[in-house]
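Below you'll find the structure, written out as structure tokens, and then a few comments.
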Ligand SMILES: Cc1cc2nc3c(=O)[nH]c(=O)nc-3n(C[C@H](O)[C@H](O)[C@H](O)COP(=O)(O)O)c2cc1C
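Quick look at the structure:
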């Protein structure tokens, strides 16, 4: 069993990665993506996206962090992959799933799922640039418009030299709309000779168990489920563990807020808090009540007070 915290740009930032991995149960984290165009990027870009590189490539609780690159320029991808490893990334991940229009317009992310040959070239170029023994992983969706090239894409990534493949069980066009198509992952898993990591809509321990039964793997990547329920990985490992009580969430929220307040400009703080509480309220009635109290508040001092009064 391997449990990996998903890359989530603008959501699973260093603060939430730290907070979630501190709950335990995770084997690894994948960073938000580093966008590669045609240049070797300066170190500061890597440190901005993945500040854990300044702390030994691990979150404070010791979970290894892997840098994710997004792009299609063969030389630049190779050069930046090398740099990520030099800076302490625990292996290297390639993004072939991002649905963003801006990214797709410049031939990055999910758009490459229309071109298995390009996937192969990118993976091979990065593989050749990496020192031996460094794990190379890739993350894709089931396809762009449909699943027609699903097997070709997975085979291309494997042939290019990836060691493992995470698949988000939706096409680009399906976006994030439920359901996640776990049975397609099961079909892919039968074909692949490298480990498949299943991803998409694992919100509960029960979802994890059903996903494993359908896909035939026990390795999964948890995304929004871990944002809503930071102890999800720990509970998957020990299903009889009691869930975090709301009193603990209050402590987590207060800790998160003080980190955000200390590190971010005031104008971004409220949005950051609301984004997380908006996820939490999908699973916790107390968070729903808190959400209604903070929803229209932008003033950080007022939010300081609301957090102090949180019940
Ligand atoms: C806000 C947000 C940002 C995301 N950013 C990335 C990213 O940077 N790289 C990536 O490979 N996937 C990204 N994803 C996709 C997730 O890693 C994951 O595949 C998806 O959320 C499905 O898993 P889940 O149902 O467990 O959340 C993002 C998803 C969300 C919701």
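Residue numbers (our numbering): 4 to 314. Quick reminder that beta carbons are idealized off the backbone N, C-alpha and C, glycines included.
Tell whether a beta-carbon distance below 7 Å holds between residue 36 and residue 71.
yes
Residue 36: CB within 6 Å of a non-hydrogen atom of ligand 1:
yes
Does any heavy atom of ligand 1 sit closer than 6 Å to the C-beta of residue 295?
no
Buried or exposed: residue 186, going by 16 or more other Cβ atoms within 10 Å of its Cβ?
exposed
Can you tell me whether residue 117 sits near ligand 1, meaning its C-beta is under 6 Å from at least one heavy atom of the ligand?
no
Between residue 81 and the rest of its own chain, which residues show a CB-CB distance below 8 Å, the 5 nearest in sequence each way excluded?
128, 129, 131, 132
Every unbroken alpha helix (DSSP H) inside the segment 84 to 161 [4 residues or more]
104 to 108, 119 to 132
Is residue 7 helix, strand or coil by DSSP?
strand
Rounded to the nearest angstrom, how far is the Cβ of residue 20 from that of residue 93, given a contact under 8 Å?
13 Å between Cβ atoms; not a contact.
Where do the N-terminal and C-terminal ends of the alpha helix (DSSP H) with residue 176 fall, by residue?
No alpha helix (DSSP H) contains residue 176, which DSSP labels as neither H nor E.
Going residue by residue through the segment 183 to 226, where are the continuous beta strand (DSSP E) segments of at least 3 residues, counting only ones entirely within it?
199 to 202, 223 to 225
Whose CA, out of 242, 124, 141, lies closest to the CA of residue 210?
242
Whose C-beta lies closer than 7 Å to the C-beta of residue 244 among residues of the same chain, with five residues either side of it excluded?
237, 238
Please go through the same chain and pick out, in chain order, the residues whose beta-carbon is closer than 6 Å to the beta-carbon of residue 184, but skip the five residues on each side of it.
172
To the nearest whole angstrom, what separates the beta carbons of residue 119 and residue 175, a pair I think is in contact under 8 Å?
Between residue 175 and residue 119 the Cβ distance is about 15 Å, and since that is not below 8 Å, they are no contact.
Let me check one thing: in DSSP terms, what residues is residue 38 bridge-paired to?
73
Give me, in chain order, the residues of the same chain whose beta-carbon lies closer than 6 Å to that of residue 54; leave out the 5 immediate sequence neighbours on both sides.
17
Less than 6 Å separating the Cβ of residue 350 from some heavy atom of ligand 1?
For the chain, the structure presents residues 4 to 314; residue 350 sits outside this window and is missing.
So is the beta-carbon of residue 287 under 6 Å away from any non-hydrogen atom of ligand 1?
no
Proximal residues to residue 297 (C-beta, below 8 Å), its chain only, five neighbours per side dropped
273, 276, 277, 280, 306, 309
Pull the bridge partners of residue 300 from the DSSP assignment, please.
In the DSSP output, where bridge partners are listed per residue, residue 300 has none listed.
For residue 287, which residues in the same chain have their Cβ closer than 7 Å to its Cβ, ignoring the five residues on either side in sequence?
249, 252
State yes or no: is the C-beta of residue 171 nearer than 6 Å to some heavy atom of ligand 1?
yes
Going by the C-beta, is residue 30 closer than 6 Å to any heavy atom of ligand 1?
no
Beta-carbon gap between residue 9 and residue 224 smaller than 7 Å
yes
Could you check how far apart the C-beta atoms of residue 220 and residue 199 are, in whole angstroms? I think they sit under 8 Å.
5 Å
Is residue 238 near ligand 1, in the sense that its beta carbon is under 6 Å from a heavy atom of that ligand?
no
From residue 138 to residue 299, what distance separates their C-alpha atoms?
45 Å
Please name the residue in 157, 149, 29, 135 whose C-alpha comes closest to that of residue 194.
157
Straight-line Cα distance separating residue 42 from residue 196
33 Å
By how many angstroms is the C-alpha of residue 257 removed from the C-alpha of residue 67?
25 Å
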